[in-house]
Structure formats: C-alpha cells, structure tokens
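One structure is given here, and the rest of the page talks about it.
Numbering (this note's numbering), first residue to last: 739 to 1030.
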C-alpha cells in the first residue's frame, strides 16, 4: 500500500486528488450512533440468506453453497456527498466480495457464485479480491481499480475501507488506509443510489457505519448563518435577531432564494441574496463578536 501511495503522489493526476468537499467531510466529526442507525443496513431489503445482527449495523450470511446474496442500505442518495465505512474481514470474503452502490431495482440473489453487485445496469461495484470494477458486467468486462495497478499485481484491501459517493458530481470513489484511490465510476448523477454489498462466503459478517455527509444546500445555509453570526454581528443583537429569524422566517426565506434586510438594525449585519451572489453591509458594536 505504501508503494501504491507513492505512485499516486508522483502522478499528480486530478482523479487521484481528494476533492475539496471530501477534505471538509473528513475534517468533520463522525456521525453519532443515531445517525449511523438511520443509514444502516435495511432489514427489509436483502436476500433470504442474510439477517441483521442485534447491533443493527452488521449482517450475517448463512453458509449456503453455490449462491450469492446482497443487502442494501436504508437510505437512497440523490444529492450531496456521503461517506460510509465497510468493515469486512479479509478472511471472510471468499472468492467474490463486492462493495458498491445500486438502485432499488438491482437483484439481491443469484443461484450462482458471482460478483452480483455490478453484474447488471442497476449496480456499480468494486470486487475487493480481483481489484475489478463492475457495471453491467454481463455485457462488458471489468476494469482494474485503482487503475495504476501494474498487470497481475493485486492490492490487498484491508479489513476496513471507505466508500465515497458524490451525487452532485455523479461519482463513486474508495479510500483504503486513508489513501484516496481516485474516481471509480462516473455518470451517477440523477439516480437514487443505495449502499450495497454482495457476498458468497458462509458465516461472514459485514458492518457498515455511516461516517457523515454534506448537502450542498445545507452547507450554503450554514455558511450564511455562520458569517452573519460569527463574522461581524454584535453579541446581543445577533442572539435576538438570529433566533427570531430561525424560528419564524427560515423555511420561507430559503425556499424563495431571496434574502432582503435579514437583520435590519444599524449595528448588525445586513444580507441580500441575488442569484448566487451575497452582498454584505456590516458595522461592529464595541468590537463584540458572537461565536456559534
């Protein structure tokens, strides 16, 4: 892995550079258990040979021969940047262990041993043992990932890996040992995609933990509020005016995409939004700033 990381650094290829939004996401504290459970495996959306354990984050596959089983996550993503961790011990992967995303129409069971995730046009997967990317694999060959791997060289994917789904850009990527491996799939924008894995190994246990997510619209709202309250507004006025705005004006304010005289007193911040441009007029009051 160290050798691979050094190769990636030397390449200076944009595809292997962490996007700015991903840096922000990695700097955020991880989601708590409540959020993890909201984004956990779906008890109602898996094949018959799988059941979810008591922790609600881990599934167990029964030792059934000559078959492949899948399970989807609860949440389908249509926008924003999302990252989750898959913990899948290497000695429990068997011959076909695939991690990826899928639509609600992707098959969850096969009477054959195969890389089921990525076998149809409804799923996109990374086969961890073969280092191959599959999408509609019944009609097209898999591609090596990361694509800088030399011929016949295999990346030993550790027990834990991170999946990065950017629905705003329409890409799927992976992180191994904190090394971003670059974009695996493109063209996902406009779809609703769920976390998914396919397994063939009997008695395997796979855990998924949602790490965090960024929603573009939410980030913009937060940015405006933070600048309004943290950057220039006095302590007393900000507490009063901002709380009033949040309680009584927030829903309609953002839906209309128009802010006029948000805080209209002479000693506070005034914002006006036109399109994607934010204009600010501010005055300090005795140098006091309110920190969120």
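Glycine included, each C-beta is placed from N, C-alpha and C at the ideal position.
| Asked | Found |
| --- | --- |
| For residue 803, is the classification buried or exposed, using 16 other Cβ atoms within 10 angstroms of its Cβ as the cut-off for buried? | exposed |
| By the 10 Å Cβ neighbour count, where 16 or more other Cβ atoms means buried, how is residue 806 classified, buried or exposed? | buried |
| Would the beta-carbon of residue 819 fall within 8 Å of that of residue 904? | yes |
| Mind checking residue 909: buried by the 16 CB within 10 Å criterion, or exposed? | buried |
| Take residue 978 and list the residues in its own chain whose beta-carbon comes closer than 8 Å to its own, dropping the five residues that flank it on each side. | Low confidence applies to residue 978: its pLDDT is 27, below 50, so where it sits in the model is not reliable, and the reading given next is rough at best. The answer is none, since no qualifying residue turns up. |
| Would you check if there are 3 or more beta carbon pairs closer than 8 Å linking the region 771-784 to the region 862-875? | no |
| For residue 776, I'd like the list of residues in its chain whose CB is within less than 8 Å of its CB, leaving aside the five on either flank, ordered along the chain. | 812, 813 and 948 |
| What are the partner residues of residue 946, as DSSP defines its beta bridges? | 824 |
| Which of helix, strand or coil does DSSP assign to residue 922? | strand |
| Could you name each continuous alpha helix (DSSP H) segment of 4 residues or more that falls completely within the region 760-808, going from the start of the chain to the end? | 771-776 |
| From the DSSP output, in three-state form, read off residue 829 for me. | helix |
| Helix, strand or coil for residue 894, going by three-state DSSP, please let me know. | coil |
| By the 10 Å Cβ neighbour count, where 16 or more other Cβ atoms means buried, how is residue 788 classified, buried or exposed? | buried |
| Any chance you could list the beta strand (DSSP E) runs of at least 3 consecutive residues sitting entirely within the region 828-865, in chain order? | 836-840 and 861-865 |
| Identify which residue in 833, 792, 815 and 757 has its Cα closest to the Cα of residue 927. | 815 |
| Taking the beta carbon of residue 946 as the centre, do at least 16 other beta carbons fall within 10 Å, making it buried, or is it exposed? | buried |
| Name the residue from 940, 826, 871 and 932 whose alpha carbon lies nearest to the alpha carbon of residue 920. | 871 |
| State the CB to CB distance for the pair residue 936 and residue 858, rounded to an integer number of angstroms; the pair is presumed to be in contact (CB under 8 Å). | 11 Å between Cβ atoms; not a contact. |
| Give the range of the beta strand (DSSP E) segment to which residue 931 is assigned. | First-last for residue 931: undefined, no H or E at that position. |
| If residue 913 sits next to residue 839, beta carbons under 8 Å apart, how far is it from one beta carbon to the other, in whole angstroms? | Residue 913 to residue 839, Cβ: 15 Å. No contact. |
| Tell me whether residue 912 sits in a helix, a strand or coil according to DSSP, three-state version. | strand |
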